[in-house]
Amino acid sequence: QAAEATIKLYKNDNAKMLAGRVVQDCANLVLMENHTLDAAIRHGMSLLDSYEPRDWDDGKDERQLTVVRDEFVDVLTNAIEGVKEAHAAYGLNRIEGESEIFANLPGLELPYSGFPDFSRRIDTKSGKRSATIPQQPDWNHVCQVAGYWFGTGLMQTIVYARKTPTTKRKTTGSDDAVGYRVFNENNSDKLSKDALQGAINHIVAKCAIRENLLKSTDS
Numbered sequence: 121q122a123a124e125a126t127i128k129l130y131k132n133d134n135a136k137m138l139a140g141r142v143v144q145d146c147a148n149l150v151l152m153e154n155h156t157l158d159a160a161i162r163h164g165m166s167l168l169d170s171y172e173p174r175d176w177d178d179g180k181d182e183r184q185l186t187v188v189r190d191e192f193v194d195v196l197t198n199a200i201e202g203v204k205e206a207h208a209a210y211g212l213n214r215i216e217g218e219s220e221i222f223a224n225l226p227g228l229e230l231p232y233s234g235f236p237d238f239s240r241r242i243d244t245k246s247g248k249r250s251a252t253i254p255q256q257p258d259w260n261h262v263c264q265v266a267g268y269w270f271g272t273g274l275m276q277t278i279v280y281a282r283k284t285p286t287t288k289r290k291t292t293g294s295d296d297a298v299g300y301r302v303f304n305e306n307n308s309d310k311l312s313k314d315a316l317q318g319a320i321n322h323i324v325a326k327c328a329i330r331e332n333l334l335k336s337t338d339s
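Just so we're aligned, residue 121 is where the sequence shown starts under the working numbering, counting upward by one.
Put into structure tokens, the structure is as follows:
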């Protein structure tokens, strides 16, 4: 029982992470498999309903599950709209799903891998309704897509989606009615080639430390 309790403490999943996966899976159903939005919503809700919240965090995960269930339909709708807009900006008529990208970064021995959500160049992020969508991409997200850029040579887009506080949706501006926002090299310096290269330099420095730690061990 003590061992099981310890394992639960390190369980690397929660309701918010689940919601992100479900939004992506359901967006795939609509965007690539021609399912209706209603069918995708029903599928997503069934996945959320089958999730068993953590039982060791004083109900925090259970409360978060209630929030993400309330947000799900709006976040999914906004994510789909954002992904469509991102593809249109690149002139892409065909939407591809998640794929694994391998990159051999300079100065590192091990390959670097990642999983862009759509078409090897578009990644989606969802947020809580209480938070506003950022005016610029988050640094950690820039680092994530920088690996995709280095591995594919394709410029990258980040789509942020959340529950829309009102019925109004738009992609620019700073008011709280924004339900999604699309960032790419045309509207964000953080996704320019120079910025992505800077993020790669940061990644290489961090990963080099990890490789040296691995090589210094006996097993």
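Ideal Cβ positions, reconstructed from N, Cα and C, are used throughout, including at glycine.
Assigned exposure category for residue i - 16 Cβ within 10 Å defines buried
i: R241; result: buried
i: T186; result: exposed
i: K245; result: buried
i: D190; result: exposed
i: P226; result: exposed
i: K288; result: The predicted model places K288 with a pLDDT of 46, which falls under 50 and marks its position as unreliable; any figure quoted below should be read in that light. That one is exposed.
i: I329; result: exposed
i: K310; result: buried
i: F238; result: buried
i: I192; result: Note that residue 192 is Phe in the sequence shown, not Ile. Buried, by the Cβ-count rule.
i: L334; result: exposed
i: A147; result: buried
i: T337; result: exposed
i: Q121; result: exposed
i: I127; result: exposed
i: Q317; result: exposed
i: G271; result: buried
Close beta carbons around residue i, own chain, < 6 Å, minus the five adjacent residues each side
i: N134; result: D181
i: A139; result: V188
i: N198; result: A281, G299, Y300
i: P236; result: D243, Y268
Paired residues, beta bridge with residue i - DSSP
i: T156; result: T156 pairs with nothing; no bridge assigned.
i: V279; result: T244, V302
i: F238; result: I242
Cβ shell of residue i (< 7 Å), same chain only, five flanking positions each side left out
i: V195; result: V143, S246, A281, R282, K283
i: S308; result: Q256, P257
i: A319; result: V262, C263, A266
i: E331; result: L228, E229, L230
i: G217; result: N148, M152, F238
i: S294; result: Residue placement at S294 is flagged as unreliable, the pLDDT there being 48, under the threshold of 50; a coordinate-derived value is accordingly withheld.
Residue i at chain B interface by Cβ criterion, 8 Å
i: A159; result: No chain B appears in this structure, which consists of one protein chain only.
Close-in-space but distant-in-sequence residues of the same chain around residue i (CB under 8 Å, 5 per side omitted)
i: A159; result: L149
i: A125; result: W176
i: C327; result: L225, L228, L230, Y232
i: G164; result: V142, V143, D145, C146, F192, L196
i: G202; result: T244, V279, Y280, A281, T291, Y300, R301, V302
i: S312; result: E305
Delimiting residues of the beta strand (DSSP E) encompassing residue i
i: I221; result: 221-223
i: G267; result: Careful: G267 lies outside any beta strand (DSSP E), inside the alpha helix (DSSP H) at 259-272.
i: G179; result: Element bounds for G179: n/a, residue is neither H nor E.
i: G234; result: 232-234
Residue interval of the alpha helix (DSSP H) (run including residue i)
i: T126; result: 122-129
i: K335; result: 313-335
Stretch-stretch touch, CB-based, cutoff 8 Å, three pairs: the segment 227-239 with the segment 164-177: no
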